[in-house]
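Residue numbers (the working numbering): 13 to 167.
So, in structure tokens, the structure goes:
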């Protein structure tokens, strides 16, 4: 009977195992970093330091308006209900909005609102999942109003 000679574990085999292990880890990390950077929607402002210089004044002016907003999705439309502190409908001098995914700008939609009764409606056929509204409005007195709101659309 012939004895079976055990296979040796050499330095070359160890090198191949280690290079394979770290190669997989590094490849996955590079792919994940690329995916994160290529789908990031970008910055809110060009220069955060300059934007911060007037933030408190702008925030106080916006709070002084006393506006409340309800944002909903009905069928293939989004609905904005703007009210002042007395509960009366607000008709801003200008209103614009962008609707998009929280982490991907590829599905951003610029909404075109129309006034229907006391609420604003815009066509938007949304897929299920999380969405974020970037609302910019100007009050009749020229005060700028900015609001960011979240919406979860379920099937």
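Every residue gets a Cβ at the ideal spot worked out from N, C-alpha and C, and that includes glycine.
Check, Outcome
"Member of 83, 68, 15 whose CA lies at the smallest distance from the CA of residue 133", "83"
"Reference residue 91, options 147, 158, 34, 114, closest by Cα", "147"
"Residue 94 beta carbon less than 7 Å from that of residue 145", "no"
"C-alpha gap between residue 167 and residue 70, whole angstroms", "38 Å"
"Rounded Cβ spacing between residue 142 and residue 113 (contact assumed at less than 8 Å)", "7 Å"
"Residues that DSSP places opposite residue 142 in a beta bridge", "164"
"Beta-carbon gap between residue 77 and residue 151 smaller than 7 Å", "yes"
"Complete alpha helix (DSSP H) runs within the region 54–135 (minimum length 4 residues, chain order)", "60–65, 67–77"
"Environment of residue 27 [buried if 16+ CB atoms lie within 10 Å]", "exposed"
"Distance between residue 74 and residue 154 (C-alpha atoms, nearest Å)", "11 Å"
"Whole-Å CB distance - residue 88 paired with residue 136, under 8 Å assumed", "7 Å"
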